[in-house]
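Scroll down for the structure; my scribbles are underneath it.
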Amino acid sequence: MNWRAAPPDWALRVLAAFLVVGTWAWLSTRVSPALLPSPGATWDVGWEMVTDGTLGTAWKESAVQILFGMVIASTLGVSLAIVVGWYQAVDRVTSPVVTILFLTPRIAFVPLLAIWLGYDDLAKIALIVLFSFFEIFLTVKRGVQAVEDSYIELSRSYSIPDRDLLRKVIFPAVTPYVAAGLRLGLLASLVGVVLAGFFFQVNGIGGLIYQAGSTFRTAELLVAVGSLSVVALTISTGLRRLEAVLMPWRAEVTR
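FYI, this note's numbering numbers position 43 of the sequence shown as 116, with every residue one higher than the one before it.
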């Protein structure tokens, strides 16, 4: 037996989970339950939130907002990225504006969205679009600009028009970047939907986190934040595996 062989990944994950829960349980005996409830107490509260529909209702509300936000962000992000990435003149004109908007913390736009759109779901969807759009746009734009010049030059030599060149060369080449951009955009939408629950109409998973925190219901807060982590991990892992199945030929696209 090779004792130097590294343990399997699942064993390391189980060990890490035990360490986290064990440390949590130990710390919960040293402080007030109002500050840090025990894992068992948190589990009981979480089970109650699942069975009475509190957690499910919050996520249903957020899922609808994320769906509309992602449809808008992905449509705008992919289409504009292809245009800006393909036409250098457009890129030079828009690059300063995009850079300024990207570097400005998204949360700074919340008061403007409140003034322009109010405090209902429309403002929430706009905030989700704001968080997701740049992840999609910049990733896909990078993919368009990464297409090999030799492919484009060869197509040009056969006098292929831009429309056919985009459809037959560029679109297939940027497919992995589109997939990566959508994954990053969807993860960013979770940030948007949480902040939307803080600043706009208090509902969804963000509203649940805000209400639990503002009333010192620590166990409910831990359950809500934990569910957010589980959803984010599921989205990231699931979409990566889906990309590997649908596009096994692709080069790994990282941010």
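Yeah, the Cβ is synthetic: ideal placement off N, Cα and C, and Gly gets one too.
In the structure shown, ASP125 adopts coil according to DSSP, grouped into three states. DSSP, read as helix, strand or coil, puts ASP193 in coil.
Close CB contacts of VAL157 within its chain, under the 7 Å cut and outside five residues either way in sequence, are with VAL163, ASP164, THR167 and LYS214 (chain order). GLY258 sits buried, since 16 or more C-beta atoms from the chains shown fall within 10 Å of its C-beta. GLY119 and GLY299 have their alpha carbons spaced roughly 10 Å apart. By the 16-neighbour rule on beta-carbons within 10 angstroms, PHE210 is buried. In terms of Cβ geometry, ALA269 and ILE201 form a close pair [threshold 8 Å].
Within its own chain, the residues whose Cβ lies closer than 7 Å to the Cβ of VAL151, once the five positions on either side in sequence are excluded, are ILE209, VAL213 and VAL251, listed in chain order. Taking LEU294 as the centre and dropping the five residues before and after it, the same chain places the C-beta of ALA285 and GLY286 closer than 6 Å to its C-beta, in chain order. In the structure shown, VAL202 adopts helical secondary structure according to DSSP, grouped into three states.
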